[in-house]
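Okay, structure first, notes after.
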Amino acid sequence: MAADFKSHVLLRDEKGFFGIPFKRLLLAGVGGGLTYTLFNLALPNWSIPAGVVFALLVLVMTGTRGGLPLWQRLIYQVRGSLLLAAARDTQSLWGSLAKALELPIELVKLDAAVVFAPAQPNYDIDMREWVTFARAAEADRDDGLVFVDAPMTEVIRS
Amino acid sequence: MSNVRTFLIEPFDIMLHATEEGVQSLQARFSTWLRTLREPARFVCWQMPATLNDKISSLSRKAQEVDDAQRLSLLMEYRRHFESLNDSAEYQRALCGMAVWSDQNPRALAGGMASAFESPVAEGAWPSLFEGRYEIRETPFWHLAPAGRPGGRPYWSILTSYEFAPATWNFFRPLPPLLRLNFPLALSVDISKTYDRNAAIDALEGIIQAYQVHLAGASGEDSRSVQRIADCRKALQEINNGDALHMVQLTIAVAADDLNTLKERVQTVVNETRAWFSLRQEVGELLARSVGFFTAKRTKDINVPTTTWPVTSRELAVMLSPLGYRKLSATDGILRGEAVGASYPVFHNSWRDKRATHEVWVGVSGFGKNVRAELLSDAGIC
Chain A
1 MAADFKSHVL
11 LRDEKGFFGI
21 PFKRLLLAGV
31 GGGLTYTLFN
41 LALPNWSIPA
51 GVVFALLVLV
61 MTGTRGGLPL
71 WQRLIYQVRG
81 SLLLAAARDT
91 QSLWGSLAKA
101 LELPIELVKL
111 DAAVVFAPAQ
121 PNYDIDMREW
131 VTFARAAEAD
141 RDDGLVFVDA
151 PMTEVIRS
Chain B
159 MSNVRTFLIE
169 PFDIMLHATE
179 EGVQSLQARF
189 STWLRTLREP
199 ARFVCWQMPA
209 TLNDKISSLS
219 RKAQEVDDAQ
229 RLSLLMEYRR
239 HFESLNDSAE
249 YQRALCGMAV
259 WSDQNPRALA
269 GGMASAFESP
279 VAEGAWPSLF
289 EGRYEIRETP
299 FWHLAPAGRP
309 GGRPYWSILT
319 SYEFAPATWN
329 FFRPLPPLLR
339 LNFPLALSVD
349 ISKTYDRNAA
359 IDALEGIIQA
369 YQVHLAGASG
379 EDSRSVQRIA
389 DCRKALQEIN
399 NGDALHMVQL
409 TIAVAADDLN
419 TLKERVQTVV
429 NETRAWFSLR
439 QEVGELLARS
449 VGFFTAKRTK
459 DINVPTTTWP
469 VTSRELAVML
479 SPLGYRKLSA
489 TDGILRGEAV
499 GASYPVFHNS
509 WRDKRATHEV
519 WVGVSGFGKN
529 VRAELLSDAG
539 IC
């Protein structure tokens with residue numbers, strides 16, 4: 001028996017042009033249009049080239065590599081390099097920059113004792129889960145031996 | 159918020175179920191258990207180097223204490239046999255674990271898993287992926303290196319799945335060949351979310367509707383959209399037949415003693431799995447964070463970009479196939495033979511809990527039942 005794996009049934013990925021999905025083309029078009037509009041107010045002569053360049057940039061940066069968009073992968077690369085530089089010398093320019101950006105410098109060094117600490121502090125058997133009966137018939141009357149957290153109130157009074 | 163409970167599962171030998179009916183029954187049992195998941199869960203399989211050294215030292219110790227000459231000679235023979243086995247193979251120890259975020263009684267959870275997986279399950283702490291302090295390094299490629307004195311500790315690299323190809327999975331491919339590569343690695347199947355049945359049906363119907371609208375307006379051929387609708391309908395059918403829809407991500411940690419070997423092993427794993435799923439090598443802080451997939455840390459606390467894939471319970475069931483690949487298990491007891499699926503010695507301690515042990519051996523005349531019984535008696539006396 002086997003299982004035939006399917007495509008990503010929860011993801012919309014409509015066909016676009018030149019092998020580029022429609023949603024990336026749409027984002028690039030909207031980004032380029034917005035850039036054109038903004039440049040048209042301040043630098044009208046540069047508005048068309050700026051719009052085209054930004055649209056192309058969005059198109060390239062949203063291309064996925066390893067399941068992540070290129071911009072996100074580049075950011076992680078830069079953050080990683082910055083983290084290592086900051087960990088080497090916390091007082092350096094990179095160290096200050098990493099501190100200012102609140103980068104998790106503690107991730108550079110991993111301590112197995114902390115990272116792989118058991119999920120539960122102890123895995124001893126919880127005796128409170130058990131009820132012990134001397135005879136099988138006692139199970140019908142619910143009068144077996146049980147372990148409790150603390151002495152019962154009646155016991156303290158006597 | 160539910161508490162996390164970690165369990166250890168003893169792998170079994172899938173070759174004992176290697177008939178069409180056997181694997182069908184396994185997949186049905188696994189998927190029945192997976193259908194009941196409501197909270198996140200994580201399955202991890204560790205494959206670490208192992209030796210018979212403990213067994214050899216215990217035999218040597220016994221030999222020093224024994225006065226009887228015949229017993230001493232038997233002990234030395236066994237010791238020589240285990241030494242020759244040890245020298246001729248590179249053994250790995252396999253252990254599986256399951257983390258479940260649930261408020262249920264842990265004993266009830268363990269019982270449910272034991273009956274679904276037909277293997278001993280006990281609540282317990284997971285083993286560490288590595289020991290001591292490690293640090294991330296950038297050159298020559300992103301990896302985890304032991305900090306301070308290496309002391310024989312390996313380098314690690316972590317790979318995360320991001321895309322599953324439309325391919326056929328079963329209990330024999332693609333994950334078991336990874337374990338047969340016979341180098342230290344760990345595999346994590348992170349089930350970050352299981353959809354409520356109605357929510358899954360709504361989500362899938364929404365996708366079908368969106369694609370139908372897209373196709374109605376499209377002028378040319380769009381085979382991917384047509385296929386997506388077919389896949390959604392198949393998933394809907396499976397969900398309506400009782401399956402659940404899970405979001406799953408695979409993470410593989412690969413170890414090696416030097417960086418060249420590590421690079422080679424990473425490439426081997428990527429190439430071996432390429433026909434079924436794609437893997438990316440983690441970089442920067444993602445490398446450190448993704449170690450969390452081998453702990454009982456919640457997926458959202460691990461905080462790596464989500465590249466999960468939706469699978470139904472029957473598909474997820476075959477992702478638990480490492481459960482069926484036992485390697486060197488405990489060395490306590492007597493050598494009983496060799497695992498059917500792999501060249502691994504199998505030890506069994508019949509007197510582990512001091513109870514009378516009964517065994518029935520079946521075989522045609524001349525099969526070797528008496529000879530084997532005598533050999534086992536000798537080993538038991540030792």
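These protein sequence lines are chains A and B, in that order.
For the record, in the first sequence the residue sitting at position 126 is 126 according to this note's numbering, with numbers rising by one throughout.
Position in the second sequence (first residue = 1) + 158 = this note's numbering.
For every residue, glycine included, the Cβ atom is placed at its ideal position computed from N, Cα and C.
query: Taking Cβ to Cβ, would you say B/L336 is nearer than 8 Å to B/V427?
result: yes
- request: Find out if the Cβ-Cβ distance for the pair B/S346, B/Q439 is shorter than 8 Å.
  value: no
query: Taking C-alpha atoms, which residue in B/P278, B/G282, B/S277 lies nearest to A/Q120?
result: B/G282
- prompt: Helix, strand or coil: which one does DSSP assign to B/Y249?
  reply: B/Y249: coil per DSSP, three-state reduction.
task: Go ahead and label B/L166 buried or exposed: buried means 16 or more other beta carbons lie within 10 angstroms of its beta carbon, across all protein chains shown.
output: buried
task: State whether the segment 286-302 of chain B contacts the segment 107-117 of chain A, with contact taken as three or more CB pairs (one from each stretch) at a distance under 8 Å.
output: yes
task: Report the residue ranges of all beta strand (DSSP E) runs contained in full by the segment 371-436 of chain B; include only those spanning at least 3 residues, in chain order.
output: 403-414
message: Taking 8 Å as the threshold (C-beta atoms), are A/A50 and B/T326 in contact?
response: no
- prompt: Does the Cβ of B/F451 have 16 or more other Cβ atoms within 10 Å, making it buried, or fewer, making it exposed?
  reply: Around the beta carbon of B/F451, 16 or more other beta carbons sit within 10 angstroms, so the residue counts as buried.
task: Return the Cβ separation of B/L343 and B/A411 in integer angstroms, given the expectation that the two are a contact with Cβ distance under 8 Å.
output: 6 Å
query: Would you report the Cα separation of A/S158 and B/T457, rounded to the nearest angstrom?
result: The predicted model places A/S158 with a pLDDT of 48, which falls under 50 and marks its position as unreliable; any figure quoted below should be read in that light. Roughly 52 Å separates the two Cα atoms.
- request: Please compile the residues from chain B whose C-beta is within a distance smaller than 7 Å of the C-beta of A/G67.
  value: Y320, E321, R438, T465
message: So, for B/V529: in the same chain, excluding its five sequence neighbours on each side, which residues have a beta-carbon less than 6 Å away from its beta-carbon?
response: none
- prompt: Mind checking whether the beta-carbon of B/A208 lies closer than 7 Å to any heavy atom of the ligand PLP?
  reply: Among the ligands in the structure shown, none appear at all, so the ligand PLP cannot be discussed.
query: Do the segment 191-202 of chain B and the segment 250-259 of chain B make contact, defined as three or more Cβ pairs closer than 8 Å?
result: yes
message: Using 8 Å as the threshold, is the C-beta distance between A/G67 and B/E321 below it?
response: yes
query: What residues of chain A sit near B/G290, judged by a beta carbon separation below 9 Å?
result: Neighbours of B/G290 in chain A, taken as residues at a C-beta separation under 9 Å, are given in chain order as D111, A112, A113.
- request: Using only alpha-carbon positions, find the residue among B/T164, B/R238, B/S218, B/A323 that is nearest to B/P264.
  value: The residue with the shortest Cα to Cα distance from B/P264 is B/T164.
task: Give a yes or no on whether the minimum CB-CB distance between A/S96 and chain B is below 8 Å.
output: Contact of A/S96 with chain B is not assigned, every C-beta pair being separated by 8 Å or more.
query: Using the rule of at least 16 other Cβ atoms within 10 Å of the residue's Cβ for burial, across every protein chain shown, is A/I75 buried or exposed?
result: exposed
field: Whole beta strand (DSSP E) elements within the segment 247-327 of chain B, 3-residue minimum
entry: 250-259, 279-281, 291-295, 301-304, 313-322
field: Any chain A beta carbon closer than 8 Å to B/T326
entry: yes
message: Considering only their Cβ atoms, is the gap separating A/Y36 from A/I20 smaller than 8 Å?
response: no
field: DSSP bridge partner residues for B/L166 (one or two, in chain order)
entry: B/G255, B/A280
task: Less than 8 Å between the CB atoms is what I'm expecting for A/L84 and B/I294, so what's the real figure, rounded?
output: About 7 Å separates the Cβ atoms of A/L84 and B/I294, confirming a contact at the 8 Å cut-off.
message: Which of the three DSSP states is assigned to B/R530 in this structure?
response: Helix at B/R530.
field: Boundaries (first-last residue) of the beta strand (DSSP E) holding B/M477
entry: From DSSP, B/M477 is part of no beta strand (DSSP E) but of the alpha helix (DSSP H) over 471-477.
message: Taking its Cβ as the centre, do 16 or more other Cβ atoms sit within 10 Å of B/W519, making it buried, or is it exposed?
response: exposed
query: From the beta carbon of A/Q72, is the nearest beta carbon of chain B less than 8 Å away?
result: Answer yes: the Cβ-Cβ gap between A/Q72 and chain B drops below 8 Å somewhere.
- prompt: Do the CB positions of B/P278 and B/E168 come within less than 8 Å of each other?
  reply: yes
task: Confirm, please, whether the CB-CB distance from B/G482 to B/D171 is below 8 Å.
output: yes
Within chain B, the residues that A/V108 reaches when beta carbons sit closer than 9 Å: E293, I294, E443, A446
- prompt: Where does B/W519 fall in DSSP's three states?
  reply: coil
field: chain B within 8 Å of A/L25, Cβ atoms only
entry: no
field: Nearest to B/E517 (by Cα), restricted to the options B/L362, B/R355, B/H506
entry: Across the set B/L362, B/R355, B/H506, the C-alpha of B/H506 shows the shortest separation from the C-alpha of B/E517.
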